[in-house]
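First up is the structure itself, then whatever we jot down about it.
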């Protein structure tokens with residue numbers, strides 16, 4: 001009786017274990033199929049011209065350079081806005097703030113901010129950056145309708161608020177992992193708080209902060225929903241660039257007041273709203289492949305960084 | 317802190333050693349502290365501003381459209397009888413602003429997606445934490461997390477060009493783009509979330525429990541199903557709640573794959589329109605300051621509130637779990 005019971009029990013267990021295994025590997029298979037489809041369909045389109053040319057012939061031919069350039073510009077400005085603010089507030093929360101009610105509220109809100117739908121950030125960007133700040137600036141500076149309309153800077157600022165939790169949380173994790181004994185040793189040598197942070201804590205936390213920054217870039221470059229009505233354009237003949245001249249020397253600079261093309265938005269608009277979706281299918285697959293490669297490279301870098309960072313902490 | 321210690325600390329505040337720090341350095345230190353505090357406050361202000369501006373614009377909708385108009389409206393038929401209707405037609409001459417079809421559309425995509433993702437995500441979490449070879453796990457977990465980083469527009473695009481045709485041939489649905497196709501797409505995003513968090517929850521169960529279970533003669537599967545999963549129940553349910561929140565807030569996949577027709581239906585193979593897709597599709601064309609414009613912000617409030625509450629519940633559960641599991 002006992003033997004029989006044992007056998008049956010093992011049978012159910014073995015079956016269940018195999019079901020778990022099969023489900024996991026079917027999942028991996030589905031994800032790899034998705035990736036494989038994009039690569040096989042998109043690789044034929046990728047060429048030097050595809051990446052560095054403008055769209056031609058009502059977007060049915062040519063390249064996607066303006067979209068790539070727009071993505072780089074927006075994420076670049078986004079990083080300039082989000083990383084200093086995020087890192088500094090994480091330093092405040094981890095190093096200076098005491099565990100008060102107020103600080104717990106900040107931490108909880110930051111965690112919650114990460115879960116708010118990205119389209120809501122789009123609404124916020126429209127309501128706050130464009131209509132409140134932009135229109136406000138127009139009224140004060142009497143510039144007509146210059147700032148109070150969708151533009152690159154407002155899209156970057158909105159994405160910066162969107163990725164702020166990512167930067168803060170990963171910086172907090174990095175700062176938290178610096179052992180207390182190192183700080184104590186620094187204080188023991190007579191260093192002040194700021195000297196300790198600058199010379200002991202931050203150098204050790206740098207890989208963790210970098211990981212957060214890379215993840216933020218990847219997230220920002222892949223977001224589409226918040227920038228739908230913040231200045232992303234279907235097609236623009238010119239890059240959002242203006243020459244900044246000092247005397248005779250002119251340097252081309254990103255012009256944050258212009259509208260822009262965006263890689264993720266480009267895929268969306270070609271797939272759903274262009275006049276001939278089947279004709280542009282190779283371009284859609286090509287753009288998708290470029291976007292996937294871009295985000296995967298960033299994410300893999302971040303994962304390797306984090307892996308090494310955690311491993312180096314294990315050695316301490 | 318006893319009295320002696322207190323005395324020591326209060327004295328050491330202005331001891332001769334403390335005074336040796338240069339006055340300039342002290343000012344500098346406090347300025348730096350002020351700088352970081354300001355940054356922390358600025359981050360909080362942004363969070364509050366999101367709240368304020370969303371609600372400021374959204375509540376203006378209530379000035380012209382009543383709260384009840386967001387639920388239903390009346391229509392008088394030719395024979396004089398009035399009927400209660402639930403329709404979202406914000407741009408017609410007789411605009412109707414019922415959010416019922418949009419909320420139902422969101423649930424029609426989010427609930428099936430959460431069910432599919434729970435089955436596969438929890439299985440993947442169990443596999444990663446309990447079944448997989450630890451050496452493989454170091455490679456497989458980042459792989460799953462890597463897929464969480466796929467831009468959602470890519471998944472929307474794949475569901476639009478491949479998924480929709482595939483399921484059209486397989487199941488012959490009523491609409492080519494429907495709630496089912498969208499929920500399959502959503503699963504691609506939510507499965508990694510649930511899998512990763514489930515793995516964390518299972519991994520945080522102390523090894524003693526496993527050893528005790530094996531010691532009682534339980535098999536591996538019995539240990540997983542009767543000991544580990546019940547012990548990690550709160551963590552696993554938090555991951556499912558977070559996954560559900562993501563499904564409700566996801567925009568691009570449902571915008572591209574759900575068909576965007578505001579049907580009230582329990583048929584998963586019909587097109588539906590979600591709250592997020594409505595904002596994304598209509599915000600670009602709406603004239604600023606109109607009722608329609610403010611009502612889109614009102615949808616934003618509804619979305620914000622739902623996801624905020626879901627996240628808060630998940631966070632409370634996770635915090636409790638952390639406290640409980642510190643053996």
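Chains as they are written, first to last, in the numbering used here: chain E, 1 to 316; chain C, 317 to 643.
Glycine included, every Cβ here is placed at the ideal spot set by N, Cα and C.
Please read these numbers as outputs of a predicted model, since none were measured by experiment.
is_contact[residue i, chain E] using C-beta, thresh 8 Å
{"i": "residue 543(C)", "result": "no"}
{"i": "residue 596(C)", "result": "yes"}
{"i": "residue 549(C)", "result": "no"}
{"i": "residue 428(C)", "result": "no"}
{"i": "residue 341(C)", "result": "yes"}
{"i": "residue 349(C)", "result": "yes"}
{"i": "residue 565(C)", "result": "yes"}
{"i": "residue 453(C)", "result": "no"}
{"i": "residue 331(C)", "result": "Reliability of the predicted coordinates at residue 331(C) is poor, the pLDDT of 49 falling under 50, and no value is obtained from them."}
{"i": "residue 432(C)", "result": "no"}
{"i": "residue 419(C)", "result": "no"}
{"i": "residue 639(C)", "result": "no"}
Between the CA atoms of residue j and residue i - distance to the nearest angstrom
{"i": "residue 1(E)", "j": "residue 19(E)", "result": "Unreliable placement is indicated for residue 1(E), whose pLDDT of 44 sits below 50; no coordinate value is reported for it."}
{"i": "residue 526(C)", "j": "residue 519(C)", "result": "11 Å"}
{"i": "residue 557(C)", "j": "residue 626(C)", "result": "6 Å"}
{"i": "residue 391(C)", "j": "residue 408(C)", "result": "14 Å"}
{"i": "residue 514(C)", "j": "residue 555(C)", "result": "6 Å"}
{"i": "residue 462(C)", "j": "residue 180(E)", "result": "32 Å"}
{"i": "residue 411(C)", "j": "residue 614(C)", "result": "16 Å"}
{"i": "residue 339(C)", "j": "residue 345(C)", "result": "10 Å"}
{"i": "residue 604(C)", "j": "residue 568(C)", "result": "23 Å"}
{"i": "residue 553(C)", "j": "residue 458(C)", "result": "22 Å"}
{"i": "residue 301(E)", "j": "residue 211(E)", "result": "8 Å"}
{"i": "residue 97(E)", "j": "residue 361(C)", "result": "16 Å"}
{"i": "residue 635(C)", "j": "residue 415(C)", "result": "34 Å"}
{"i": "residue 628(C)", "j": "residue 592(C)", "result": "20 Å"}
{"i": "residue 39(E)", "j": "residue 287(E)", "result": "11 Å"}
{"i": "residue 209(E)", "j": "residue 170(E)", "result": "6 Å"}
Residue closest to residue i, alpha-carbon to alpha-carbon, out of the options
{"i": "residue 488(C)", "options": "348(C), 592(C), 586(C), 599(C)", "result": "586(C)"}
{"i": "residue 364(C)", "options": "113(E), 155(E), 272(E)", "result": "113(E)"}
{"i": "residue 303(E)", "options": "484(C), 507(C), 454(C)", "result": "454(C)"}
{"i": "residue 89(E)", "options": "125(E), 175(E), 38(E)", "result": "175(E)"}
{"i": "residue 473(C)", "options": "211(E), 273(E), 300(E), 21(E)", "result": "273(E)"}
{"i": "residue 444(C)", "options": "306(E), 25(E), 257(E)", "result": "25(E)"}
{"i": "residue 95(E)", "options": "349(C), 458(C), 427(C)", "result": "349(C)"}
{"i": "residue 475(C)", "options": "460(C), 503(C), 451(C), 458(C)", "result": "503(C)"}
{"i": "residue 364(E)", "options": "53(E), 100(E), 102(E), 192(E)", "result": "Residue numbering for chain E in the displayed model covers 1 to 316; residue 364(E) lies beyond these limits and cannot be assessed."}
{"i": "residue 493(C)", "options": "607(C), 592(C), 508(C), 477(C)", "result": "477(C)"}
{"i": "residue 31(E)", "options": "377(C), 422(C), 456(C)", "result": "456(C)"}
{"i": "residue 470(C)", "options": "533(C), 575(C), 505(C)", "result": "505(C)"}
{"i": "residue 91(E)", "options": "60(E), 178(E), 34(E), 59(E)", "result": "178(E)"}
Any chain C beta carbon closer than 8 Å to residue i
{"i": "residue 134(E)", "result": "no"}
{"i": "residue 168(E)", "result": "yes"}
{"i": "residue 184(E)", "result": "no"}
{"i": "residue 179(E)", "result": "no"}
{"i": "residue 284(E)", "result": "yes"}
{"i": "residue 16(E)", "result": "yes"}
{"i": "residue 46(E)", "result": "no"}
{"i": "residue 23(E)", "result": "yes"}
{"i": "residue 359(E)", "result": "Given a span of 1 to 316 for chain E in the structure shown, any question on residue 359(E) remains unanswerable."}
{"i": "residue 63(E)", "result": "no"}
{"i": "residue 288(E)", "result": "yes"}
{"i": "residue 148(E)", "result": "no"}
{"i": "residue 1(E)", "result": "Because the pLDDT at residue 1(E) is just 44, under 50, the model does not fix this residue reliably, and the point stays unresolved."}
Distance between beta carbons of residue j and residue i, contact taken as under 8 Å
{"i": "residue 23(E)", "j": "residue 439(C)", "result": "4 Å"}
{"i": "residue 339(E)", "j": "residue 283(E)", "result": "Residue 339(E) lies beyond the residue range present for chain E, which begins at 1 and ends at 316; the question has no answer from this structure."}
{"i": "residue 560(C)", "j": "residue 425(C)", "result": "11 Å between Cβ atoms; not a contact."}
{"i": "residue 229(E)", "j": "residue 599(C)", "result": "5 Å"}
{"i": "residue 374(C)", "j": "residue 617(C)", "result": "4 Å"}
{"i": "residue 86(E)", "j": "residue 226(E)", "result": "Contact doesn't hold; Cβ gap of about 17 Å is too wide."}
{"i": "residue 152(E)", "j": "residue 217(E)", "result": "Not confirmed; about 16 Å, so no contact."}
{"i": "residue 564(C)", "j": "residue 622(C)", "result": "6 Å"}
{"i": "residue 638(C)", "j": "residue 421(C)", "result": "The pair is not a contact, with the Cβ atoms about 36 Å apart (cut-off 8 Å)."}
Heavy atom of the ligand COA within 7 Å of residue i beta-carbon
{"i": "residue 517(C)", "result": "Here there are no bound small molecules, and the ligand COA is not part of this structure."}
Chain E contacts from the region 579-608 of chain C (Cβ-Cβ distance under 8 Å)
592, 595, 596, 599, 600, 604
Of the residues that make up the region 365-395 of chain C, which ones have a beta carbon closer than 8 Å to any beta carbon in chain E?
365, 366, 369, 370, 372, 373
Output, in sequence order along the chain, the residues in the region 101-118 of chain E whose CB is closer than 9 Å to any CB in chain C.
102, 103, 105, 106, 108, 109, 110, 111, 112, 113, 114, 115, 116, 117, 118
Which residues, in chain order, does the region 252-266 of chain E contribute to contact with chain C at a C-beta distance below 7 Å?
264
Determine which residues of the region 186-198 of chain E have a Cβ less than 8 Å from any Cβ of chain C, and write them out in chain order.
192, 193, 194
Output, in sequence order along the chain, the residues in the region 481-501 of chain C whose CB is closer than 9 Å to any CB in chain E.
none
At a Cβ cut of 9 Å, what residues of the region 65-94 of chain E count as close to chain C, listed as they run along the chain?
84, 85, 86, 87, 88, 89, 90, 91, 92, 93
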